[in-house]
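First comes the structure, then the notes that go with it.
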Amino acid sequence: MERESMEFDVVIVGAGPAGLSCACRLAQLSQEQQVENRPGLSICVVEKGSEVGAHILSGALFETTALDELFPDWASRQAPLTTPVSHDEFTYLVTEHNHIRLPRFVVPKTMHNSQKNYVISLGELCRWLAVQAEELGVEIFPGFAAATINYADNGAVTGVTTSDMGLDKNGDQKRSFEPGIELKAKYTVFAEGARGHLGKALIEHFDLDRGRQPQHYALGLKEIWQLPDDHPHNTPGFVLHGLGWPLNETHTTGGSFLYHLGDNQVAVGLITDLNYHNPYLNPFEEFQRLKHHPAISQYLTGGQRIGYGARAIAKGGLNSLPKQQFPGGLLIGCDAGTLNFAKIKGCHTAMKSGMLAAEAVFAACLQSGQSPTEPDYQTRFESSWLYTELEQSQNFCATIHRYGNLAGGVINSLEQNVWVPLFKRAAPWQMEDPFADHERLICISHSHPIDYPKPDGVLSFDKASSVYLTATRHEEDQPCHLKLRDPTIPIQVHLAKYAEPAQRYCPAGVYEVIQVNGEPQFQINAANCIHCKTCDIKDPSQNIDWCPPEGGGGPNYRSM
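Set out below in structure tokens:
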């Protein structure tokens, strides 16, 4: 098949905070080079969402450290940071009725928030970053999903090819067929977010995770609520984090959050660690239960739910971080796993990762006349505040996994509140969790079913009405983008052993077991997919591969 091709100095895959920060920093460096009468760099960003921000979802509490470096004048540029944190609280939800407000001195200092942090919509910040990038000369192409990686004969990455458009369910060409475009680049930067499908392929191809702990993930579910003007608990900038119920009933780790935005809006969510054991656990239903707790419901009662979404979070930290450089490219941001889980923040770290990548790629591009090499990202990374942050919190995730929220929280508090301030580095003990999340499910013969209450339509809702709020759209007549390596495994293996957990861990109702002529059949409702990647992570046989659908398909988040 003949494909159209386009050539750039640098191609960046993904218009999230890492990819756009990389593009902006590269363009800044390129402009400085042009002042010295050297030719500038051609830079392209491809984004699978229908527009920048359409697939972006985060809590989000935002620390400005990286933004201050990238655009010191961000306030005068009208960056969408308008709601500083006014005060924060941390609670332990003991039962479905009771809770304890934790004193500030027992909460890890990394989780303390001040007016230097902002409650934001990450989607809006990315749209703003895209404007800055375009003003600097970067070309941004939304609606184009990078489908495959291209390699040179010497093994170096030479760019990507976007997905073919206009294929029917059987993979045959329709009248509207358009082949994907080959984007050639001297260097390609992959910034797809957590569990990016190309990042996953690169890690395997170059063995980037050799000697590292497995990456660990959580599933973050989030809703936006609109409150009336006279709501008694409408306090812009108020931040509430919680542990305990309902996840503690199944010995599952994770936590909740509730952030007060501007415009009388509240963001509420639940983060469920995907190393959970009980195959009957349903993160979506746990989230619906959470909102009925008095510590949470008081902030929502009288309001209206206007947004819903879900996304996987890479949270393993430094010990799970793969090698990020390889011949012809880099793996950055949450695609690699740079989130600082000790802060429950990843936006500023993703941005800094992108900025370091820009500097490494720019230096490599200056070596004119030479074939692409490995950009020297690692040296810059290890001398940056990003590395210091991740090193100081490297034990955080594994400690929680090994000892649970309470005991693990005490250990983490001692490390972050005593050891790190004294010695400016992580404690000398090395916490490890060598088991991948998908390996932690146990059989239903050793598990207890969970009886979830029906939604009341006031505080709790079903999956169908929730997915409706994501504005998810996919072309119906296209190949299924959720690939089963072995179509027999869901029924022949998982149904008997785990009661087919995909029915429950998916937060969008994509997977079902239905009866056809009295026999169970595994059904994939791919049109419901909101691109959270949980199935790619938690499937116990690693039998599901998430791939991008036709460009532009998926959710269309506005303020998530």
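The opening residue of the sequence shown carries number 4 in this note's numbering; numbering runs sequentially from there.
Think of the CB as a built atom: it goes at the ideal place given N, C-alpha and C, for glycine as much as any other residue.
This one's a predicted model, so the numbers in the text were calculated from it and none came from an experiment.
Can you tell me where the beta strand (DSSP E) holding Q307 begins and where it ends? The residue labelled residue 307 in the question sits at position 304 within the sequence shown. 307-317 is the extent of the beta strand (DSSP E) around Q307.
Would T475 pass as a contact of G554 if the rule is Cβ separation under 8 Å? Here residue 475 refers to the residue found at position 472 when the sequence shown is read from its first residue. Here residue 554 refers to the residue found at position 551 when the sequence shown is read from its first residue. No, they are not a contact pair.
Near S61, which residues of its chain fall below 6 Å by C-beta distance, leaving aside the five closest residues on each side in sequence? Numbered from its first residue, the sequence shown carries residue 61 at position 58. Closer than 6 Å at Cβ, skipping near neighbours: L125.
Short of 7 Å in beta carbon distance, which residues of its chain neighbour I540, apart from the five on each side in sequence? Order them along the chain. Translated into positions along the sequence shown, residue 540 becomes position 537. R198, Y220, L277, A315, D440, H441.
Please work out which residues of its chain come closer than 6 Å, Cβ to Cβ, to A21, disregarding the five sequence neighbours upstream and downstream, and give them in chain order. The sequence position of residue 21 within the sequence shown is 18, counting from 1. Cβ neighbours of A21 beyond the five flanking positions: A194, I335, G336, A353, S356, G357.
Using the three-state DSSP reduction, which class does I527 fall into: helix, strand or coil? Translated into positions along the sequence shown, residue 527 becomes position 524. In the three-state scheme derived from DSSP, where H, G and I count as helix and E and B as strand, I527 is classed as strand.
Specify, as a first and last residue, the run of the beta strand (DSSP E) that C47 falls within. Here the question's residue 47 lines up with position 44 in the sequence shown. Here the beta strand (DSSP E) through C47 covers 46-50.
Length of the line joining the Cα atoms of H451 and Y283: For this step, residue 451 is matched to residue 448 along the sequence shown. For this step, residue 283 is matched to residue 280 along the sequence shown. H451 and Y283 have their C-alpha atoms spaced approximately 7 Å apart.
Per DSSP, what kind of secondary structure is T475 in: helix, strand or coil? Here residue 475 is taken as the residue at index 472 of the sequence shown, counted from 1. Three-state DSSP puts T475 in coil, outside helix and strand.
If we call anything under 8 Å between Cβ atoms a contact, is V513 one with I494? Counting from 1 along the sequence shown, the entry for residue 513 is found at position 510. Counting from 1 along the sequence shown, the entry for residue 494 is found at position 491. In this structure, I494 does not lie closer than 8 Å to V513 by Cβ.
What is the C-beta distance between Y508 and T537, in whole angstroms, given that I count them as a contact (C-beta under 8 Å)? Working through the sequence shown from its first residue, we reach residue 508 at position 505. Working through the sequence shown from its first residue, we reach residue 537 at position 534. Between T537 and Y508 the Cβ distance is about 5 Å, and since that is below 8 Å, they are a contact.
M358 - containing beta strand (DSSP E), residue span: Mapped onto the sequence shown, residue 358 falls at position 355. Here M358 belongs to no beta strand (DSSP E); instead the alpha helix (DSSP H) covers 350-368.
For the segment 265-273 against the segment 130-145, do three or more pairs of beta-carbon atoms, one drawn from each stretch, fall closer than 8 Å, so that the two count as touching? Remark: fewer than three beta-carbon pairs, one from each stretch, lie closer than 8 Å, so the segment 265-273 and the segment 130-145 are not flagged as touching.
Nearest CA to the CA of L23: which residue from I547, L246, P145? As a first step, residue 23 must be located in the sequence shown, where it is residue number 20. Checking every option, the nearest Cα to that of L23 belongs to P145.
Between L498 and V516, is the Cβ-Cβ spacing less than 8 Å? Residue numbering aside, residue 498 sits at position 495 when the sequence shown is read from its first letter. Residue numbering aside, residue 516 sits at position 513 when the sequence shown is read from its first letter. Contact: yes.
Going by beta-carbon coordinates alone, are P543 and L444 separated by less than 8 Å? The residue labelled residue 543 in the question sits at position 540 within the sequence shown. The residue labelled residue 444 in the question sits at position 441 within the sequence shown. Against a cut-off of 8 Å, the Cβ pair of L444 and P543 comes out as a contact.
Looking only at its own chain, which residues have a Cβ that is under 6 Å from the Cβ of T113, when we skip the five neighbours before and after it? As a first step, residue 113 is located in the sequence shown; it is residue number 110 there, counting from the start. The beta carbon of T113 sits closer than 6 Å to those of A345, K346, Q419, all from its chain and outside the five residues before and after it, given in chain order.
Using 10 angstroms around the beta-carbon of S259, count the other beta-carbons present and answer buried if the total reaches 16, otherwise exposed. Numbered from 1 along the sequence shown, position 256 holds the residue referred to as residue 259. Within a 10 Å sphere around the beta-carbon of S259 sit 16 or more other beta-carbons, which makes this residue buried.
Output the boundary residues of the beta strand (DSSP E) element that contains I547. Here the question's residue 547 lines up with position 544 in the sequence shown. I547 -> beta strand (DSSP E) spans 547-549.
Under 8 Å: do the segment 386-396 and the segment 413-432 share three or more Cβ pairs, one atom per stretch? The count of Cβ pairs closer than 8 Å, one atom from the segment 386-396 and one from the segment 413-432, reaches three, so the stretches are in contact.
Should P106 go down as buried or exposed, given a rule of 16 or more other Cβ atoms within 10 Å for buried? Within the sequence shown, numbered from 1, the residue matching residue 106 stands at position 103. With fewer than 16 Cβ atoms within 10 Å of its Cβ, P106 is classed as exposed.
Strictly by DSSP, which residues pair up with R561? Taking the sequence shown and counting its residues from 1, one reaches residue 561 at position 558. Partner(s): none; R561 has no beta bridge.
To test your reading of the DSSP string, which unbroken alpha helix (DSSP H) runs of 4 or more residues are found completely within the segment 194-239? Complete alpha helix (DSSP H) runs here, min 4: 200-209.
Straight-line CA distance for V141 to T85? For this step, residue 141 is matched to residue 138 along the sequence shown. For this step, residue 85 is matched to residue 82 along the sequence shown. Rounded to whole angstroms, V141 to T85 spans 26 Å at the Cα level.
Just to confirm, are I143 and T164 a CB contact at a threshold of 8 Å? In the sequence shown, residue 143 corresponds to position 140, counting from 1. In the sequence shown, residue 164 corresponds to position 161, counting from 1. In this structure, I143 keeps its C-beta atom at 8 Å or more from the C-beta atom of T164.
Can you grab the Cα-Cα spacing for the pair G340 / V413, in whole Å? Locating residue 340 in the sequence shown gives position 337, counting from the first residue. Locating residue 413 in the sequence shown gives position 410, counting from the first residue. Approximately 25 Å, taken between the alpha carbons.
What is the rounded straight-line gap between the Cα of D167 and the Cα of S416? Locating residue 167 in the sequence shown gives position 164, where the first residue counts as 1. Locating residue 416 in the sequence shown gives position 413, where the first residue counts as 1. In a straight line, the C-alpha of D167 is about 50 Å away from that of S416.
Could you tell me which residues DSSP pairs with L261 in its beta bridges? Stepping through the sequence shown from its first residue, residue 261 is reached at position 258. Residue pairing by DSSP places L261 opposite L243, V271 in a beta bridge.
State buried or exposed for N322, treating a residue as buried only when at least 16 other CB atoms are found within 10 Å of its CB. Here residue 322 corresponds to residue number 319 of the sequence shown, with the count starting at 1. N322 is buried by the Cβ-count criterion.
Which residue or residues does DSSP assign as beta-bridge partners of V519? Numbered from its first residue, the sequence shown carries residue 519 at position 516. Answer by DSSP bridge pairing, in chain order: E522.
Determine the burial state of H90: buried for a count of at least 16 other Cβ atoms within 10 Å of its Cβ, exposed for fewer. Taking the first residue of the sequence shown as 1, we reach residue 90 at position 87. Exposed, by the Cβ-count rule.
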